[in-house]
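Heads up: the protein sequence lines correspond to chains A and B, in order. Here the first sequence is numbered in full-length UniProt numbering, starting from 1 and rising by one per residue. Here the second sequence is numbered in full-length UniProt numbering, starting from 1 and rising by one per residue. Glycine is no exception: its CB is placed at the ideal position from the N, C-alpha and C atoms. The structure displayed is predicted, hence computed values, not measured ones. See below for the structure under consideration.
2 protein chains.
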Amino acid sequence: MRDVAARAGVSAMTVSRVLKDERVSAETKERVLAAVRELGYRRDQVARTLRLRGPSGMIGLVVTNLGNPFYSHLALGAEQVAEERGLRLVLGNTGGQVRRERELMEDLAARRVDGIIVVPAGTSHSHLDAASLGGTPVVFASRPPAGTEADTVLVDDFGGARAATAQLLTEGHRAVGFLGNPPALFTGAERFRGYWAAHEEHDLTPREEWIRRGPQDIRAAEAAALEILSGDDPPTALFCTNNRITLGAYRAVRHLGTDTALAGFDDFEMADLLDVPVTVVSYDAEEVGRQAARLLLDRIEQPPGTPQGPPRRTVVPISVVRYGT
Amino acid sequence: MRDVAARAGVSAMTVSRVLKDERVSAETKERVLAAVRELGYRRDQVARTLRLRGPSGMIGLVVTNLGNPFYSHLALGAEQVAEERGLRLVLGNTGGQVRRERELMEDLAARRVDGIIVVPAGTSHSHLDAASLGGTPVVFASRPPAGTEADTVLVDDFGGARAATAQLLTEGHRAVGFLGNPPALFTGAERFRGYWAAHEEHDLTPREEWIRRGPQDIRAAEAAALEILSGDDPPTALFCTNNRITLGAYRAVRHLGTDTALAGFDDFEMADLLDVPVTVVSYDAEEVGRQAARLLLDRIEQPPGTPQGPPRRTVVPISVVRYGT
DNA sequence: CTGTTAGCGCATTCAC
DNA sequence: GTGAATGCGCTAACAG
Chain A
1 MRDVAARAGV SAMTVSRVLK DERVSAETKE RVLAAVRELG YRRDQVARTL
51 RLRGPSGMIG LVVTNLGNPF YSHLALGAEQ VAEERGLRLV LGNTGGQVRR
101 ERELMEDLAA RRVDGIIVVP AGTSHSHLDA ASLGGTPVVF ASRPPAGTEA
151 DTVLVDDFGG ARAATAQLLT EGHRAVGFLG NPPALFTGAE RFRGYWAAHE
201 EHDLTPREEW IRRGPQDIRA AEAAALEILS GDDPPTALFC TNNRITLGAY
251 RAVRHLGTDT ALAGFDDFEM ADLLDVPVTV VSYDAEEVGR QAARLLLDRI
301 EQPPGTPQGP PRRTVVPISV VRYGT
Chain B
1 MRDVAARAGV SAMTVSRVLK DERVSAETKE RVLAAVRELG YRRDQVARTL
51 RLRGPSGMIG LVVTNLGNPF YSHLALGAEQ VAEERGLRLV LGNTGGQVRR
101 ERELMEDLAA RRVDGIIVVP AGTSHSHLDA ASLGGTPVVF ASRPPAGTEA
151 DTVLVDDFGG ARAATAQLLT EGHRAVGFLG NPPALFTGAE RFRGYWAAHE
201 EHDLTPREEW IRRGPQDIRA AEAAALEILS GDDPPTALFC TNNRITLGAY
251 RAVRHLGTDT ALAGFDDFEM ADLLDVPVTV VSYDAEEVGR QAARLLLDRI
301 EQPPGTPQGP PRRTVVPISV VRYGT
């Protein structure tokens, strides 16, 4: 900046003003801009952030597994909103490890990110509290905070699971199995609740033999589905809590050649091409990211000193789509 | 830091030393660490980066579309390697717009990222040159630089397309259509070259009517495939340049009920469950990100003053997988 | 409209 | 082993 100033025959302060587009004579401005171009000068964001003692222009995004399309779409949505404000996204992948999560949050706070969106990993989230992070605002996505309070964006897990299960029941199925995430996961618990609620509303009680709350990947889901469907008196339909599991179940159904109906959380490409009827809970993963970013920006753009409002919570709606015959 | 120093009854300098684990008496160290804990002190990365005049501990990743699984896996791979070195990833999504790309690169350089991995958007990349970015090292991923030189990681586009096409020809097909990206895209051009080369090696020349070099998404690909397959003397197989297009082609084949064989770049879930034979070019997208990050780290960790070696180029291998009957 | 002074939070250099 | 001065690059606040 000094170099630019020297070349333009002005003080550093004037250069700073030109770059900020403050009141400077047109002529001086021209000279300074010329010098900037000639020297290929670029204002240093790091020094700027330090001096301004304020926003770094970056927001953190901490997810459990970027390889999962849900999270990459969430990231995309958050990026879109951040981009509109000229904010950059700093990414962290925890792999579901609480320790990594804690380190990441600390590191992001130390980098003075303006706020953090996090898909929390563990079951206790006191280390994700804004206060313990030097006041960095935090928004939870996909799973709600436990042991702290914060803005949150959720998917309608309960409603989606209930509606999809209800769809099967309405079609006449009376024996609907459940294949899905462990109950320790918020989404797993909610989706199971939905599955159960739909049954209650039809005055039915699911049979324990038809329920598997463990499988996490396609292979495990396939194995579990094979087991359920090979039992005596197998269910005529299966509800699956995510698309990996639905795929596993489909493999099993296809393998056995039964005409088991499937319903599952998460839409997927090709769902309409399977040769068994599939009901799917569809929602906009990008929208989860967008809403999270918006909640965060609302906090960030709050003038300092303003009393903080209570935590807000939004829910991204789902729709049930029925494919196949 | 001053607060911590005061509380521990030492100077700020000593606190700095403790945090860097330099020679400090064990007793002092203990007192300082206690003060750090009590005050919840966290060393400011921004000030640190400014003072050290060096590494910010962040690397930039600029991709065209994070919603595409290829890029999100690339990001995941890059994150893995960065994570090992304690580096954070700063993400930018260009949507394929050169203008956004230029702005992003500028911004990242201004933030003093240690280096940038970029999937370039346009056809001329002089604005992506390290020199024009204040010396920030740049690595190209998936597409090579044009109009500048830089380290690059590519997928074996040519080899993959050739091998997959050859597979079809070896199975006896003599009429193989081509469905794919426009030739302006590096990958599109390379994959077309591969398709063509396989034919030459079999002393064949593909017919123009079987070639569509435009479709970019599933719908367009489906339409194009329907067109080709509905013509007189349609091909008995199709080579598709990416998984979106393969899916579109599959829809068309399924719709028409022909027994057209398919081959395509990119593996995808369920490829083995389709009811037509599918040959797929499989590769590790995460590995592209990992290798890009490694090339970048090699540059970054080069002690300043060391003469820069020539640009390096690595190619991620592919394998051909045949599914179905 | 423009320049000068001072300091953001930290770490390097030199003293002690 | 520890402390005091100095400056990284930039910009508020206050002159002029």
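Discussion item. For the alpha helix (DSSP H) containing residue 319 (chain B), name the first residue and the last one.
Written reply: Here residue 319 (chain B) is taken as the residue at index 319 of the second sequence, counted from 1. In this chain, residue 319 (chain B) is not harboured by any alpha helix (DSSP H); it is covered by the beta strand (DSSP E) spanning 319-323.
Worksheet item: Under 8 angstroms between C-beta atoms, does residue 201 (chain B) make it to chain A?
Response: On the second sequence, position 201 is the one that residue 201 (chain B) refers to. Under the Cβ distance rule, residue 201 (chain B) does not count among the residues neighbouring chain A, no pair being separated by less than 8 angstroms.
Fill in: Counted within 10 angstroms of its Cβ, other Cβ atoms place residue 112 (chain B) as buried (16 or more) or exposed
Here residue 112 (chain B) refers to the residue found at position 112 of the second sequence. So residue 112 (chain B) ends up on the buried side.
Item to complete: Check whether the Cβ atoms of residue 249 (chain A) and residue 223 (chain A) sit closer than 8 angstroms, and answer yes or no.
Response: The residue labelled residue 249 (chain A) in the question sits at position 249 within the first sequence. The residue labelled residue 223 (chain A) in the question sits at position 223 within the first sequence. No.
Item to complete: Compare the Cα-Cα distances from residue 114 (chain B) to each of B:53, B:162, B:215 and report the closest residue.
Response: Translated into positions along the second sequence, residue 114 (chain B) becomes position 114. Closest by alpha carbon: B:53.
Worksheet item: Taking the alpha-carbon positions, what's the residue 304 (chain A) to residue 84 (chain A) distance?
Response: Taking the first residue of the first sequence as 1, we reach residue 304 (chain A) at position 304. Taking the first residue of the first sequence as 1, we reach residue 84 (chain A) at position 84. Their backbone Cα atoms lie some 22 angstroms apart in a straight line.
Item to complete: Identify the contact partners of residue 42 (chain B) in chain A, using a Cβ-Cβ distance below 7 angstroms as the criterion.
Response: Position 42 of the second sequence, counted from the first residue, corresponds to residue 42 (chain B). Within 7 angstroms Cβ-Cβ: 106, 109, 110, 134.
Worksheet entry | For residue 93 (chain B), the three-state DSSP class (helix, strand or coil) | Numbered from 1 along the second sequence, position 93 holds the residue referred to as residue 93 (chain B). Strand at residue 93 (chain B).
Worksheet item: Using a Cβ-Cβ distance under 8 angstroms, would residue 56 (chain A) count as near chain B?
Response: Within the first sequence, numbered from 1, the residue matching residue 56 (chain A) stands at position 56. It does; some Cβ of chain B falls within 8 angstroms.
Worksheet item: At a Cβ threshold of 8 angstroms, is residue 69 (chain B) touching chain A?
Response: Indexing the second sequence from 1 puts residue 69 (chain B) at position 69. Yes, residue 69 (chain B) lies at the interface with chain A (some Cβ there is under 8 angstroms from its Cβ).
Worksheet item: What in chain B is Cβ-close to residue 47 (chain A), meaning under 8 angstroms?
Response: On the first sequence, position 47 is the one that residue 47 (chain A) refers to. Simply 50.
Worksheet item: Between which two residues does the alpha helix (DSSP H) harbouring residue 70 (chain B) extend?
Response: Counting from 1 along the second sequence, the entry for residue 70 (chain B) is found at position 70. Unbroken alpha helix (DSSP H) run through residue 70 (chain B): 69-84.
Worksheet entry | Opening and closing residue of the beta strand (DSSP E) in which residue 313 (chain B) lies | Counting from 1 along the second sequence, the entry for residue 313 (chain B) is found at position 313. Element bounds for residue 313 (chain B): 313-316.
Worksheet item: CB-CB under 7 angstroms to residue 231 (chain B), same chain, minus the five flanking residues each way: which ones, in chain order?
Response: As a first step, residue 231 (chain B) must be located in the second sequence, where it is residue number 231. Within the same chain, residue 231 (chain B) has close Cβ partners 209.
Item to complete: Using a Cβ cut-off of 8 angstroms (strictly closer), state whether residue 10 (chain B) contacts chain A.
Response: On the second sequence, residue 10 (chain B) is found 10 positions in, with the first residue counted as 1. Answer no: the Cβ-Cβ gap between residue 10 (chain B) and chain A never drops below 8 angstroms.
Discussion item. What would DSSP say about residue 217 (chain A), mapped onto helix, strand or coil?
Written reply: Taking the first residue of the first sequence as position 1, residue 217 (chain A) is located at position 217. Annotated three-state conformation of residue 217 (chain A) is coil, per DSSP.
Worksheet item: For residue 50 (chain B), does the three-state DSSP call read helix, strand or coil?
Response: Locating residue 50 (chain B) in the second sequence gives position 50, where the first residue counts as 1. Helix.
Item to complete: State the start and end residues of the unbroken beta strand (DSSP E) segment that holds residue 282 (chain B).
Response: Start at 1 with the first residue of the second sequence, and residue 282 (chain B) comes out as number 282. Here the beta strand (DSSP E) through residue 282 (chain B) covers 278-282.
Item to complete: Measure the C-alpha to C-alpha separation of residue 236 (chain B) and residue 206 (chain B) and round it to an integer number of angstroms.
Response: For the purposes of this step, residue 236 (chain B) is identified with residue 236 of the second sequence, where counting begins at 1. For the purposes of this step, residue 206 (chain B) is identified with residue 206 of the second sequence, where counting begins at 1. Those two C-alpha atoms are separated by around 12 angstroms.
Discussion item. Quick check: what's the CA-CA separation for residue 181 (chain A) versus residue 188 (chain A)?
Written reply: What you label residue 181 (chain A) is simply residue 181 of the first sequence in a count that begins at 1. What you label residue 188 (chain A) is simply residue 188 of the first sequence in a count that begins at 1. Rounded to whole angstroms, residue 181 (chain A) to residue 188 (chain A) spans 5 angstroms at the Cα level.
Fill in: Own chain partners of residue 98 (chain B) with C-beta closer than 6 angstroms, once the 5 adjacent residues on each side are dropped
Counting from 1 along the second sequence, the entry for residue 98 (chain B) is found at position 98. So the qualifying residues of the chain are 121, 122.
Discussion item. Contact criterion: CB-CB distance below 8 angstroms. Does residue 242 (chain B) meet it with respect to chain A?
Written reply: The residue labelled residue 242 (chain B) in the question sits at position 242 within the second sequence. Taking 8 angstroms as the threshold, the shortest C-beta distance from residue 242 (chain B) to chain A does not fall below it.
Worksheet item: Exposed or buried, what is residue 215 (chain A) when buried is set at 16 or more other beta-carbons lying within 10 Å of its beta-carbon?
Response: Here residue 215 (chain A) refers to the residue found at position 215 when the first sequence is read from its first residue. When all chains shown are included, residue 215 (chain A) counts as buried.
Worksheet item: Near residue 292 (chain B), which residues of its chain fall below 7 angstroms by C-beta distance, leaving aside the five closest residues on each side in sequence?
Response: One-based indexing of the second sequence puts residue 292 (chain B) at position 292. Cβ neighbours of residue 292 (chain B) within its own chain (closer than 7 angstroms, five residues either side excluded): 78, 117, 139, 141, 153.
Worksheet entry | Test: residue 4 (chain A) CB closer than 8 angstroms to a CB of chain B | The residue you call residue 4 (chain A) lines up with position 4 of the first sequence. Output row for residue 4 (chain A): interface = no.
Item to complete: Give the secondary structure of residue 241 (chain B) by DSSP, where H, G and I count as helix, E and B as strand, and everything else as coil.
Response: Taking the second sequence and counting its residues from 1, the one referred to as residue 241 (chain B) is at position 241. In the structure shown, residue 241 (chain B) adopts coil according to DSSP, grouped into three states.
Practice prompt. State yes or no: is the beta carbon of residue 72 (chain A) nearer than 8 angstroms to at least one beta carbon in chain B?
Written response: Taking the first sequence and counting its residues from 1, the one referred to as residue 72 (chain A) is at position 72. The beta carbon of residue 72 (chain A) falls within 8 angstroms of a beta carbon belonging to chain B, placing the residue at that interface.
Worksheet entry | DSSP three-state assignment for residue 152 (chain A), whether helix, strand or coil | Numbered from its first residue, the first sequence carries residue 152 (chain A) at position 152. Three-state DSSP puts residue 152 (chain A) in a strand.
Practice prompt. Provide the residue span of the beta strand (DSSP E) that contains residue 188 (chain A), from first to last.
Written response: As a position in the first sequence, residue 188 (chain A) is number 188, starting the count at 1. For residue 188 (chain A), there is no enclosing beta strand (DSSP E); the residue is found in the alpha helix (DSSP H) stretching over 186-201.
Discussion item. Short of 6 angstroms in beta carbon distance, which residues of its chain neighbour residue 272 (chain B), apart from the five on each side in sequence? Order them along the chain.
Written reply: Walking along the second sequence from the start, residue 272 (chain B) turns up at place 272. Around residue 272 (chain B), the same chain offers 323 as residues with beta carbons nearer than 6 angstroms, after the five sequence neighbours per side are excluded.
Practice prompt. Using DSSP bridges, identify the partner residues of residue 58 (chain A).
Written response: Within the first sequence, residue 58 (chain A) is the residue found at index 58, counting from 1. Answer is A:88, bridged to residue 58 (chain A).
Practice prompt. Pull up the CB-CB distance for residue 64 (chain B) and residue 168 (chain B), whole angstroms please, since I reckon it's below 8 angstroms.
Written response: Here residue 64 (chain B) refers to the residue found at position 64 of the second sequence. Here residue 168 (chain B) refers to the residue found at position 168 of the second sequence. Actually they do not touch by this definition, with Cβ atoms about 29 angstroms apart.
Worksheet item: Is residue 267 (chain A) closer than 8 angstroms to residue 382 (chain A) when the C-beta atoms are compared?
Response: In this structure chain A extends from 1 to 325, so residue 382 (chain A) is not present and cannot be described.
Worksheet item: Straight-line CA distance for residue 132 (chain A) to residue 40 (chain B)?
Response: If you number the first sequence from 1, residue 132 (chain A) lands on position 132. If you number the second sequence from 1, residue 40 (chain B) lands on position 40. Residue 132 (chain A) and residue 40 (chain B): Cα-Cα distance of roughly 8 angstroms.
Worksheet item: What are the partner residues of residue 178 (chain B), as DSSP defines its beta bridges?
Response: Translated into positions along the second sequence, residue 178 (chain B) becomes position 178. In DSSP, residue 178 (chain B) forms a bridge with B:211, B:239.
Discussion item. Under 7 angstroms: does the beta carbon of residue 280 (chain A) sit that close to some heavy atom of the ligand GDP?
Written reply: Absence of the ligand GDP is noted for the structure shown, with no ligands found whatsoever.
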